[in-house]
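Step one of this worksheet: look at the structure below.
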Amino acid sequence: MLIAQILPIYREMLDFFNIKWILIYSILLSILYLLFGVLIETKRLIKISTKKLTINWISLGFVVVLILLTLLPAPYLLQYFAPNFLISYVLGIEINVVLNVLAGILLVRSFDN
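Per our numbering, the sequence shown runs over residues 2 to 114.
Here's what the structure looks like:
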């Protein structure tokens with residue numbers, strides 16, 4: 002519900018190209034999508050909390066890089082990269098949502114065998 006309330010305001014800020022609020026809403030939405038991915042793996046999260054914690058460092062490193070890439074807003078990154086079809090597709094809002102949810106799922110899975 003919170004994402005549904007923030008998303009129209011974020012799209013409005015994109016139309017006006019208000020960089021400050023685009024950054025704030027983009028990071029907030031990325032964190033909420035990441036938490037949604039963690040929420041998908043609730044069963045595994047409960048299993049991790051009851052057993053001894055083991056960390057898969059390779060997948061955790063990949064998840065950290067993925068989280069850092071998805072926290073940066075797409076319009077901000079498009080200023081630094083030449084706008085071509087592939088870059089525009091990868092930095093799209095929908096792809097960013099999928100990558101954030103995937104990062105949340107992989108974050109939980111990196112703490113399990």
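Even for Gly, the Cβ is constructed at its ideal location relative to N, Cα and C.
Asked                                                                                                                                    : Found
Evaluate the contact criterion for the stretch 46–54 versus the stretch 87–105: three or more CB pairs, one atom per stretch, below 8 Å. : no
My output table needs one value for S56: the three-state DSSP class, helix, strand or coil.                                              : As written in the sequence, residue 56 is Ile, which differs from the Ser given in the question. Coil, per DSSP.
How far does the alpha helix (DSSP H) with L92 in it extend, from its first residue to its last?                                         : It is not in any alpha helix (DSSP H) - L92 carries neither H nor E in the DSSP assignment.
Taking the Cβ atom as the reference point for each residue, do V64 and S111 lie within a distance shorter than 8 Å?                      : yes
Please classify E95 as buried or exposed, where buried requires at least 16 other C-beta atoms within 10 Å of its C-beta.                : exposed
Contact check, L35 vs I56 under 8 Å by CB: the rounded distance?                                                                         : No, L35 and I56 are not in contact; Cβ-Cβ is about 18 Å, not under 8 Å.
Among L33, L87 and Q80, whose alpha-carbon lies nearest the alpha-carbon of G105?                                                        : L33
Alpha carbons only, please: which of P9, L107 and M2 is nearest the one belonging to Y26?                                                : P9
How about L79 and I28: do their beta carbons lie closer than 8 Å?                                                                        : no
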